[in-house]
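S.K.: My questions all concern the structure below.
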């Protein structure tokens, strides 16, 4: 049995939620299986922002709805590209676990991508959430 929602389902649900007063939506997808593969890293500009296609579709269907994108975003350049396309905001999670002061570093002029390697070790079940790339 396929329990995954399609993009069509997503558009339909967002439309219903808009009628009920939805103020905005964050496009995300989480791990649904504890056995999900731990990735060795994200190749810049190739796999960054892996939810962007869905965010584009949602923004196209609902132009006035604020759309926030999360998922694999690791560099200022990709953030700028996303925002220039009309996506309203980006959210960072794992990069901020790896580097809590990342936005400050970027604002200071150091545009090097996040040190996060997307290994997913930061979200071990039954343990405190923190970056574990070194152990």
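In my numbering, the protein residues as written are 4 to 138. A virtual CB, placed ideally from N, CA and C, is assigned to each residue, including glycine.
(1) Could you check where the beta strand (DSSP E) with residue 61 kicks off and where it finishes?
(2) Please confirm whether residue 68 and residue 90 have their CB atoms less than 8 Å apart.
(3) Return the residue from the list 80, 8, 18 that minimises the CA-CA distance to residue 110.
(4) Go ahead and pull the three-state DSSP assignment for residue 10.
(5) State yes or no: is the C-beta of residue 85 within less than 8 Å of the C-beta of residue 64?
(6) Which first and last residues belong to the alpha helix (DSSP H) in which residue 84 is found?
(7) Below 7 Å CB to CB, which residues in the same chain sit around residue 126 once its five sequence neighbours on both sides are set aside?
(8) Within the continuous beta strand (DSSP E) that includes residue 72, where are the two ends?
(9) So, with DSSP's three-state summary, where would you put residue 28?
(10) Could you pull the start and end residues of the alpha helix (DSSP H) that residue 101 belongs to?
(11) So what's residue 132 in DSSP terms, helix, strand or just coil?
(12) If residue 54 and residue 27 are in contact, beta carbons under 8 Å, what's the gap, nearest whole angstrom?
M.R.: Result, derived from the coordinates:
(1) Counting along the chain, residue 61 sits inside no beta strand (DSSP E); it lies in the alpha helix (DSSP H) bounded by residues 55–64.
(2) Their beta carbons are not under 8 Å apart, which means residue 68 does not touch residue 90 by this criterion.
(3) Sorting 80, 8, 18 by C-alpha distance to the C-alpha of residue 110 places 80 at the top.
(4) For residue 10, the secondary structure class from DSSP, reduced to helix, strand or coil, is helix.
(5) No, Cβ-Cβ distance for residue 85 and residue 64 is not below 8 Å.
(6) Segment 79–87, the alpha helix (DSSP H) holding residue 84.
(7) Within the same chain, residue 126 has close Cβ partners 132.
(8) Note, residue 72: beta strand (DSSP E), 70–72.
(9) Strand at residue 28.
(10) Taken as a continuous stretch (DSSP letters only), the alpha helix (DSSP H) holding residue 101 covers 97–101.
(11) Residue 132: coil per DSSP, three-state reduction.
(12) Residue 54 to residue 27, Cβ: 15 Å. No contact.
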